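**Q** Residue numbers for the sequence shown follow my numbering, so the first one is 126 and each next one is one higher. A virtual CB, placed ideally from N, CA and C, is assigned to each residue, including glycine. Note that the structure is predicted; figures quoted are calculated from it, not measured.
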Amino acid sequence: MHTIAITGATGFIGKHLVAELLRLGGFRIKLLTRAKNSGTNSLIESGVVVVEGDLLNLESLNGFLERDCTVINLVYLHDAGEQKNMEATNNLLHMCKSASVKRLIHCSTAAVVGRTPDNLVTENTVCQPVTEYGITKLKIETMILDTKDSFDTTILRPTAVFGIDGEPLKKLARDLITKRRLANYAKSCLFGKRRTNLVNIANVVAAIVFLIKRNENLRGETFIISDDDSENNNFVYTERLLMKALNVPDYRFPRLFVPPFFLTFLLACLGRNNINPMCNYSSNKLLGLGYQKACSFESSITEYANWYQSTIMMRQTSVL
126 MHTIAITGAT GFIGKHLVAE LLRLGGFRIK LLTRAKNSGT NSLIESGVVV VEGDLLNLES
186 LNGFLERDCT VINLVYLHDA GEQKNMEATN NLLHMCKSAS VKRLIHCSTA AVVGRTPDNL
246 VTENTVCQPV TEYGITKLKI ETMILDTKDS FDTTILRPTA VFGIDGEPLK KLARDLITKR
306 RLANYAKSCL FGKRRTNLVN IANVVAAIVF LIKRNENLRG ETFIISDDDS ENNNFVYTER
366 LLMKALNVPD YRFPRLFVPP FFLTFLLACL GRNNINPMCN YSSNKLLGLG YQKACSFESS
426 ITEYANWYQS TIMMRQTSVL
């Protein structure tokens, strides 16, 4: 039975990935956690091996990795800064070499691309990140790819990952319910058909599983995963579906057209990473290998809206 060793398994992507691997069966799953809790205890009951350790403490990682296992790295230390994140990555790579692992799949982010004038982003697009997060993530990618001759490595770059229990779209849904209609209308006019670059968590997990199962050497390849192949992956479409599910009536007046350059200027002033409203991230490279998505963008937005209505809104109502 092939062993999958996961770092960052208690995060949003990690929880969904572990659940899918358990559903599929046929894998021995090992997780690294700094401290066991009720969540990890329930996983232990499901047959998952939980190892206590810290990526910033090299000695604590002993026993986590095994020869010929596949390592999934989902860790990013958000409050630790660049130096600590680089140290954690270096420790993981050291352990991968020592254990002679089969493959390391590193989950990065499309934010490493940064600001680009191109309307279509591919894996060959020159990266120009402007945020600390994007810059650090790109440095981590470089560090990992430098080890591709020691063991098989690959980089996965998801765009904005959304889904059940995820943070993306929560603010939009909450604003539609609680904010003044005029403010929401103005925002809808401003953003219009701006690309939202969303990707459903199920499609990200499916991409990771696809890379786990692939027999051919991935040789340091980088892959983008996004739902931008859907023309509906834009602000207005997403907003309308959420409004329908949340029983929020559409605006009385048609949305006014605001030229994209105005939004570009505003996003640049706010220091945003991606300031091109029409930017699309292509998953064609991954799709070309035979990867198949788990769900469509349209169905996943509807599923999310229904979940938000039945779970988050009910939770807020019970508090009141």
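(1) Tell me which residues share the same chain as Ser425 and place their Cβ nearer than 6 Å to its Cβ, disregarding the 5 neighbours each side in the sequence.
(2) Whose CA, out of Phe386, Ala419, Thr321, Phe335, lies closest to the CA of Glu364?
(3) Just mark Arg344 as buried or exposed, buried being the case when its beta carbon has 16 or more other beta carbons within 10 Å.
(4) Residues in the same chain with beta-carbon distance under 8 Å from Val174, minus the five sequence neighbours each way, listed in chain order, please.
(5) Is His141 buried or exposed, if buried means 16 or more other CB atoms sit within 10 Å of its CB?
(6) Taking only three categories from DSSP, how would you classify Thr427?
(7) Once you ignore the five residues that flank Lys273 on each side, which residues in its own chain have a CB closer than 7 Å to its CB?
(8) Run the CB neighbour count on Asn216, radius 10 Å, all protein chains shown included, and call it buried at 16 or more, exposed below.
(9) So, helix, strand or coil for Cys232, using DSSP?
(10) Is the beta carbon of Ile197 sitting closer than 8 Å to the one on Arg282?
(11) Grab me the residues of Leu199's own chain with a C-beta within less than 8 Å of its C-beta, minus the 5 sequence neighbours each way, in chain order.
(12) Pick helix, strand or coil for Pro173, following the three-state DSSP scheme.
(13) Just curious, the beta strand (DSSP E) that Val324 is in, first and last residue?
(14) With distances taken between CB atoms, is the gap from Tyr258 to Ala236 smaller than 8 Å?
(15) Kindly indicate which three-state DSSP category Ala205 falls into: helix, strand or coil?
(16) If I measure Cβ to Cβ from Asn328 and keep anything under 7 Å in the same chain, skipping five residues before and after, which residues do I get?
(17) Buried or exposed for Asn398, going by 16 or more other Cβ atoms inside 10 Å?
(18) Going by DSSP, which residues form a beta bridge with Asp277?
**A** On the basis of the coordinates in this document:
(1) If you number the sequence shown from 1, residue 425 lands on position 300. Within the same chain, Cβ atoms closer than 6 Å to the Cβ of Ser425 are found at Asn325, the five residues on either side in sequence being excluded.
(2) Locating residue 364 in the sequence shown gives position 239, where the first residue counts as 1. Ranking the options by Cα distance to Glu364, first place goes to Thr321.
(3) Position 219 of the sequence shown, counted from the start, is the residue given in the question as residue 344. Counting Cβ neighbours within 10 Å, Arg344 comes out exposed, since fewer than 16 surround it.
(4) Locating residue 174 in the sequence shown gives position 49, counting from the first residue. So the qualifying residues of the chain are Arg153, Ile154, Lys155, Leu156.
(5) Taking the first residue of the sequence shown as 1, we reach residue 141 at position 16. Answer is buried; the Cβ neighbour count reaches 16.
(6) Looking up residue 427 in the sequence shown gives position 302. Thr427 falls in the helix class under three-state DSSP.
(7) The count along the sequence shown starts at 1 and reaches residue 273 at position 148. These residues qualify, in order along the chain: Arg344, Gly345.
(8) In the sequence shown, residue 216 corresponds to position 91, counting from 1. Burial is judged here by how many other beta carbons sit within 10 angstroms of a residue's own beta carbon; Asn216 has at least 16 and is buried.
(9) Position 107 of the sequence shown holds residue 232. Three-state result, Cys232: strand.
(10) The residue given as residue 197 occupies position 72 in the sequence shown. The residue given as residue 282 occupies position 157 in the sequence shown. No. Outside cutoff.
(11) Counting from one through the sequence shown, the residue named residue 199 turns up at place 74. Cβ within range, chain order: Ile131, Thr132, Gly133, Ala134, Gly136, Ile138, Gly139, Leu142, Cys232.
(12) As a working mapping, residue 173 is identified with position 48 in the sequence shown. The question names Pro, but residue 173 is Val in the sequence shown. Here Val173 sits in coil by DSSP.
(13) Position 199 of the sequence shown, counted from the start, is the residue given in the question as residue 324. Per DSSP, Val324 belongs to the beta strand (DSSP E) from 323 to 325.
(14) Locating residue 258 in the sequence shown gives position 133, where the first residue counts as 1. Locating residue 236 in the sequence shown gives position 111, where the first residue counts as 1. Between Tyr258 and Ala236, the C-beta gap is smaller than 8 Å, which places the two residues in contact.
(15) Against the sequence shown, residue 205 aligns to sequence position 80. DSSP, read as helix, strand or coil, puts Ala205 in coil.
(16) For the purposes of this step, residue 328 is taken as the residue at position 203 of the sequence shown. Correct list, in chain order: Ile350, Asp352, Lys418, Ala419, Cys420.
(17) In the sequence shown, residue 398 corresponds to position 273, counting from 1. That one is buried.
(18) Against the sequence shown, residue 277 aligns to sequence position 152. BP columns for Asp277 point to Arg228.
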